[in-house]
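As structure tokens, the structure follows; a few thoughts come after it.
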Amino acid sequence: LHTNSYDEALGLPTADAATLALRTQQILSDETGVADTADPLAGSFFVEQLTSELEARARNWMQQVENRGGAVAAIEAGYVQNAIAENAYLLEMQREAGDRVIVGVNRYAAENEIEIPAQAIDSAATQRQEERVRTYKAAQNTGRVAAALDLVTTAAQTPARSLLIPMREALLAGATLGQIAGRLRQEFGEYRAPA
């Protein structure tokens, strides 16, 4: 059972928003008893039908991806991104037409815009963390870290190899996540959404 903070889409949740989300979760859990049983609807025909429909649609989607040569080929061909964009467009059209209700957006919306305060990031804390990383990197065994990062690069260049073991070894050698990600960026580049 999880409830998101109302400001998560804007950035890190504020303490008030996180507390409200937690209390909502606790009310649902403790006051409604929804978490008292693993299957509160006990095999309801309606729920089973929805589950079967969802499974059929998921299997169909996986087959469509497989027919295009698998996940990597489907992504490289733009199939997955196009499907996501089409679905987003369809959902937006349904929302605008009122066929898809989103409480607070197209139904029960506030007449006056509500100001949601954004979480303030402590720049001094950011600077302290950056300094900690610089100090950490200065104390690294650079030869050991470089050798481990070279293994990450080699694994990235070999499609059949798993990246997990070389990445783990690089971390154990003292590499930072940023250094590992940098090697992966060098090999794979950065994703840019199509315009």
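With my numbering, you'll find the sequence shown wraps up at 616, consecutive numbering, no jumps.
Ideal Cβ positions, reconstructed from N, Cα and C, are used throughout, including at glycine.
Values in this document were obtained by computation on a predicted structure and should not be read as measured data.
D460 and L449 have their C-alpha atoms spaced approximately 15 Å apart.
Exclusion of the five residues before and after L572 leaves P587, E590, A591 as the residues of its chain whose Cβ lies within less than 8 Å of its Cβ. Pairing A596 with L422, the inter-Cα distance amounts to about 36 Å.
When the five nearest sequence neighbours on each side are left out, the beta carbons in the same chain lying within less than 6 Å of the beta carbon of A539 are those of L431, G432, in order along the chain. Under the three-state reduction of DSSP output, R555 falls in the helix class. If you draw a straight line from the Cα of E534 to the Cα of V526, it is about 11 Å long.
Following the DSSP letters along the chain, one finds G610 in no alpha helix (DSSP H), marked with neither H nor E. Proximity to V486 across A477, R478, V501 peaks at V501, based on C-alpha coordinates. DSSP places L572 in the uninterrupted alpha helix (DSSP H) bounded by 563-577.
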